[in-house]
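Under UniProt numbering, the final residue of the sequence shown carries the number 149; numbering is consecutive throughout.
Glycine residues also receive a C-beta, built at the ideal position from the N, C-alpha and C atoms.
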Amino acid sequence: SLVHNFNCSLLFGVLSFVSTVFAYLMLSHFYFKSKKIEYQFGELLCSVSPTLILVMQMIPSLSLLYYYGLMNLDSNLTIKVTGHQWYWSYEFSDIPGLEFDSYMKSVDQLELGEPRLLEVDNRCVIPVDTNIRFCITSGDVIHSWALPS
């Protein structure tokens, strides 16, 4: 993606700059060991440069965040997914009263061909060719939620 390539290029540029400055400082330390001077411009540069780098990364990220926020406005169905320590809770906000929990199947409950650690007892089935917005949150700890391919 474009943002990933931009961030990689920016990271390479920052790494090159820092490596060059580090090499220069190491070499100049041996030449100017006895001279101690204040370097206000260098301090200013070291303070402003990280700020500019963060702003350069922030601008594309904010535009993507705004774009993704606009994409979700025209959804036909909203599903709130809440991760708990051992199960998932699904709540269809557009359909009142439709809530259920989904627990992972244990190894002895799996049938032939079902994927281990991905198969659940109560699947969330959603309509095809429909714009769906998922609001994913956690009830207790950080979780990872994914759609199978």
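Collapsed DSSP secondary structure at residue i in the structure displayed
i      : result
ASP108 : helix
GLY13  : helix
VAL120 : strand
VAL21  : helix
SER138 : strand
ILE126 : coil
Residues near residue i by beta carbon distance below 6 Å, same chain, minus five either side
i     : result
GLU91 : LYS80 and GLU99
ASN76 : THR130 and ASN131
Where residue i falls, given that 16 or more other Cβ within 10 Å makes a residue buried
i      : result
TRP86  : exposed
THR137 : exposed
TRP88  : buried
THR82  : buried
7 Å Cβ shell around residue i - same chain, five flanking residues per side excluded
i      : result
PHE6   : PRO60
PHE134 : ILE79 and VAL81
HIS84  : GLY139 and ASP140
Close Cβ partners of residue i (< 8 Å) along its chain, the five nearest in sequence each way excluded
i      : result
ARG123 : SER102
VAL3   : PRO60, SER61 and LEU64
Worksheet item: Which residue spans inside the region 68 to 102 form an unbroken beta strand (DSSP E) run of at least 3?
Response: 77 to 83 and 87 to 92
Item to complete: Could you tell me whether the region 116 to 129 touches the region 62 to 73, using the rule of 3 or more Cβ pairs below 8 Å?
Response: Taking one beta carbon from each stretch, the region 116 to 129 and the region 62 to 73 have fewer than 3 pairs nearer than 8 Å; the two do not touch.
Worksheet entry | Inter-stretch contact (C-beta, 8 Å, three-pair minimum) for the region 41 to 51 and the region 100 to 108 | no
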